[in-house]
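Novice:
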Amino acid sequence: MVVGLTGGIGSGKSTILKCFKSYGIPVYIADDEAKALMNRSKVIQRKLIHLFGEKAYIDDHLNRPYLASKIFNDKTLLAKMNAIVHPKVASHFKRWLNKHDAAYVIKEVAIIFENNLQSQYDYIITVVADEDLRIKRVMQRDAVSEEKVMSIIKNQWSDADKIKKSDFVIINNDLEDAKKQALKIHNTLLKKLKH
Numbered sequence: 000m001v002v003g004l005t006g007g008i009g010s011g012k013s014t015i016l017k018c019f020k021s022y023g024i025p026v027y028i029a030d031d032e033a034k035a036l037m038n039r040s041k042v043i044q045r046k047l048i049h050l051f052g053e054k055a056y057i058d059d060h061l062n063r064p065y066l067a068s069k070i071f072n073d074k075t076l077l078a079k080m081n082a083i084v085h086p087k088v089a090s091h092f093k094r095w096l097n098k099h100d101a102a103y104v105i106k107e108v109a110i111i112f113e114n115n116l117q118s119q120y121d122y123i124i125t126v127v128a129d130e131d132l133r134i135k136r137v138m139q140r141d142a143v144s145e146e147k148v149m150s151i152i153k154n155q156w157s158d159a160d161k162i163k164k165s166d167f168v169i170i171n172n173d174l175e176d177a178k179k180q181a182l183k184i185h186n187t188l189l190k191k192l193k194h
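In terms of numbering that gives the first Met the number 0, the sequence shown is residues 0 to 194.
(1) Residues in the same chain with beta-carbon distance under 7 Å from S165, minus the five sequence neighbours each way, listed in chain order, please.
(2) Could you pull the DSSP bridge partners for L4 from this structure?
(3) Under 8 Å by Cβ, that's how I've got I4 and I105 pegged, so tell me the actual separation to the nearest angstrom.
(4) When you compare each of P86, K74, K183, K178 to I43 by their alpha carbons, which one comes out closest?
(5) Would you kindly report the start and end of the unbroken alpha helix (DSSP H) that includes Y65?
(6) Consult DSSP for V168 and reduce its assignment to one of helix, strand or coil.
(7) Which residues does DSSP list as the beta-bridge partners of Y22?
(8) I'd like to check one pair, N171 with G23: are the Cβ atoms closer than 9 Å?
(9) For D129, decide whether its Cβ has a neighbour in chain C, counting only Cβ atoms nearer than 9 Å.
(10) Give me the residue from K69, F19, H49 with the minimum Cα distance to I83.
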């Protein structure tokens, strides 16, 4: 069983993933794997250089700030980049999945709904938190301005829209409370597997 975990920037997805890891559930972080593949795969590298030009890589390493500046306001370019990277991540995930025989696995993807990928999951958990808390978390974590965080939030689906399409929701304003919610969902998923 594949469970998707999503949520807006600063909602605390990583914290919630740690909870599931502590229950022995394998966790796949699509964003991290995509970054690794963009650095490792010569095929992706060649295609991204073709799309963005020579500046896409510096000394064989992805030039993330350059790519981010190119795609931030260009949805077409972003879609083209995703068309190169996502299929590779999908096949990498399939190989990873075959190595695990846990009750279920969690695949964390920030933009499940934005990319209309919900059909790939048996269940979807969305992590939400108050906007002011999310802004504070990201400003501290990434040392960026409030405006920068807000522009990213505005580019993502609203929590309300995500909640409507989710099977489970974790409200992550308080860590201890969020841990209890994660454990409850874990137990519910195990029960669903038994039926």
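Beta carbons: idealized from backbone N, C-alpha and C, even for Gly.
Specialist: On the basis of the coordinates in this document:
(1) I123, I124, T125
(2) E107, I124
(3) Correcting the residue identity first, residue 4 is Leu in this sequence and not Ile. 5 Å between Cβ atoms; contact.
(4) P86
(5) 63 to 70
(6) strand
(7) Note: Y22 sits in no beta bridge, so no partner.
(8) no
(9) You won't find chain C in this structure, because it holds only one protein chain.
(10) H49
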